[in-house]
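Position one of the sequence shown corresponds to residue 37 (my numbering), numbered consecutively onward.
In what follows, a single structure is set out as C-alpha cells and then discussed.
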Amino acid sequence: MKAQLTTKQYLVPFVLITSLFFLWGFARAILDVLNQHFRNTLDISITQSSLIQVTTYLGYFLMAIPAGILINRYGYKRGVVFGLLLYALGAFLFIPSSHLGSLTAFLVCLFIIACGLAILETAANPYATQLGPRETAAARLNLSQSFNGLGSCLAPALIGSFLFANGEEADVSVPYIIMGIVVVIAAIVFSFSKLPEITKEDTPQETTTQVGNPLATLLKNKLFIFGVLALLSYEVAEISINSYFVLFVTGQGLLTPSTASKILSGALMLFMIGRFIGSWVMQRVSAERTLHFCATGTILCILGVILTSIAETGETTSPTRYLPLLFLCGTYVFEAIMFPTIFSLAIRGLGDKTKTASSILMMTPVGGCAFLIVGILADRTGFIIPFIIPLVGYAVVWAYAHKLCRQP
Numbered sequence: 037m038k039a040q041l042t043t044k045q046y047l048v049p050f051v052l053i054t055s056l057f058f059l060w061g062f063a064r065a066i067l068d069v070l071n072q073h074f075r076n077t078l079d080i081s082i083t084q085s086s087l088i089q090v091t092t093y094l095g096y097f098l099m100a101i102p103a104g105i106l107i108n109r110y111g112y113k114r115g116v117v118f119g120l121l122l123y124a125l126g127a128f129l130f131i132p133s134s135h136l137g138s139l140t141a142f143l144v145c146l147f148i149i150a151c152g153l154a155i156l157e158t159a160a161n162p163y164a165t166q167l168g169p170r171e172t173a174a175a176r177l178n179l180s181q182s183f184n185g186l187g188s189c190l191a192p193a194l195i196g197s198f199l200f201a202n203g204e205e206a207d208v209s210v211p212y213i214i215m216g217i218v219v220v221i222a223a224i225v226f227s228f229s230k231l232p233e234i235t236k237e238d239t240p241q242e243t244t245t246q247v248g249n250p251l252a253t254l255l256k257n258k259l260f261i262f263g264v265l266a267l268l269s270y271e272v273a274e275i276s277i278n279s280y281f282v283l284f285v286t287g288q289g290l291l292t293p294s295t296a297s298k299i300l301s302g303a304l305m306l307f308m309i310g311r312f313i314g315s316w317v318m319q320r321v322s323a324e325r326t327l328h329f330c331a332t333g334t335i336l337c338i339l340g341v342i343l344t345s346i347a348e349t350g351e352t353t354s355p356t357r358y359l360p361l362l363f364l365c366g367t368y369v370f371e372a373i374m375f376p377t378i379f380s381l382a383i384r385g386l387g388d389k390t391k392t393a394s395s396i397l398m399m400t401p402v403g404g405c406a407f408l409i410v411g412i413l414a415d416r417t418g419f420i421i422p423f424i425i426p427l428v429g430y431a432v433v434w435a436y437a438h439k440l441c442r443q444p
C-alpha cells in the first residue's frame, strides 16, 4: 500500500528545502568539468587536477562537525542561510582568482564553497526526512535528492559548453558569478521564510529514551557506524566516477572534452531519473531491499566497464568500442538512490541524536579525496585499473544493505 510522502503542514517547507538540493548538486557537478578545464589552461597532470576534489571534500570533512554544532545551537533555518552566504562568498572570489590564474587561488575558493555546502547538507538532509511520516523518510529524501540530480545533470552540459566552446577555454569566473547571485537571492528568500523548527526528530518515546553524550552514544552504535562506513564508501565510488568520467572517455579516445561533458550530463540525467524512480519504488518496497538490489547493479556495471575495456581491441570501427561507456552510464542509474537511502536508514530511530548523527554523516564526502588515488593510478597504470576504487566502494554498500535485509 502506498504511504503518504508528506503532510499539508510541511508541504511548503519541504518545497523550499528541496530547492537547496539543486544548488549544491550544480556546484558539485561543476568540479567534474573543472578537472579537464584546469588541465588545459594550467597545464597540470591528472594527479594535480585531483586536488580540486581533495580540497572540496576536505572542506566537507572539516566543516561537518562545526556545522552540526551550529545547527544544534541556532536551528535549521539559520544554518541554511549561513551556508548559502559562504557558498556565495566562495563563488564571488573566483573573480580575483581568475585574474591570478593560480590553481592554489581556485582551490581556496572551492574550499570556502565546500564549507558552505557542508552546512547546507548537514541541515537539509535530516530536515527533509522529518517533514512527513517516518515510514516514507527514505522516499522523501530520495525525492529531494532528485533535484540534486537535476542540478548535477545540468552543470556539466551548461558549464562544459561554455568552457570548451569552439575548442577555446573561457573565463571560469563567469559561471561562478552567476551562481553567486542566485545563491544570494536564495539566502534572502530563506531569511524571510517561515520554517518550522523540529525539535523532536523522531517519536517522543524514542527521544526521551536517548540519554548521555550524543557523540559517545553514536560511536557505540555499531549499526550507525556501519552506515557511516557505507556512506563514506559510496562517496568514494560516486565522486571517483563523476570526476574520472571525462578524463576516462577522452583518455580512451572515445570522445572530445566538449562531447564528454554533454554525455556526462546525460549520465547524470539518468541519475536524476533513477532517484525519482527510487522515491516511487520505496513507497512500495522497503528501502533496505531497494538498496541491496541497486548495490548489486552498480557492482555488475563496474565489472562490465573493467572487462569490456580490457577486451577492447582499439579498432575505431569495432561495435563493442562504446560498451565501457554504456556500462559506466548504467552505474548512474543504480547508484542514484544510495546517498539519501543510506543517510535516512543510518539516522532512523536516533531521536534527539539526529542532528549530531547528520553532522557525522556529512563528513563522508571526504571520500572524494580518494580521487587523488584514482589520479595517481591513472597516471601510472593507465585508465582501467582506477575502477577498482569504486568497485570496492560499492561492495561495502552491498554488505551494509545485506546486513539490514537480514535484520529482524
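C-beta: ideal position from N, C-alpha, C; glycine also.
Note on E324: 16 or more other CB atoms within 10 angstroms of its CB, so buried under the neighbour-count rule. Taking C-beta atoms as the reference points, V219 and A65 fail to come closer than 7 Å.
Excluding sequence positions up to five before and after M398, its CB lies within less than 7 Å of the CB of Y96, A100, A103, A154, E157, T158, all in the same chain and listed in chain order. For T140, the uninterrupted alpha helix (DSSP H) segment begins and ends at 139-166. Sequence-distant partners of G185 (beyond 5 residues in either direction) whose C-beta falls short of 7 Å from its own C-beta, in its chain, are G61, L304, F307, M308, R311, A372.
Per DSSP, the unbroken alpha helix (DSSP H) holding I313 starts and ends at 293-317. Positions of the alpha helix (DSSP H) runs, each at least 4 residues long and wholly inside the region 324-384, are given as 359-371, 374-383 in order along the chain.
Excluding its 5 nearest sequence neighbours in each direction, T91 has C-beta neighbours in its own chain below 7 Å: L143, L146, F147, listed in chain order. Across the structure, S394 and P49 are spaced so that their CA atoms are roughly 19 Å apart. Taking 7 Å as the cut-off, the beta carbon of S86 is found no closer than this to the beta carbon of F74. For N257, there is no enclosing alpha helix (DSSP H), as DSSP marks it with neither H nor E. Nearest to R357 by C-alpha distance, out of F370, I342, I107, is I342.
In the three-state reduction of the DSSP assignment, V321 falls in the coil class. Distance from the CA of S227 to the CA of I217, rounded to the nearest whole angstrom, comes to 16 Å.
Under the three-state reduction of DSSP output, Q288 falls in the coil class, being neither helix nor strand. Counting along the chain, the unbroken alpha helix (DSSP H) around V433 starts and ends at 424-441. Its Cα nearest to that of E171, the residue V321 stands out among P250, I195, V321, L267.
Where N249 is concerned, there is no enclosing alpha helix (DSSP H), because DSSP gives it neither an H nor an E. With contacts defined as CB atoms closer than 7 Å, T367 and C337 qualify as a contacting pair.
Per DSSP, the unbroken alpha helix (DSSP H) holding K113 starts and ends at 87-128.
Under the three-state reduction of DSSP output, L231 falls in the coil class, being neither helix nor strand. Nearest neighbour of L52 by Cα position, chosen from V117, E274, L259, L300, turns out to be V117.
Residue C405 holds the alpha-carbon nearest to the alpha-carbon of L98 among V432, R442, C405. In the DSSP assignment, T392 falls within the alpha helix (DSSP H) that extends over 390-397.
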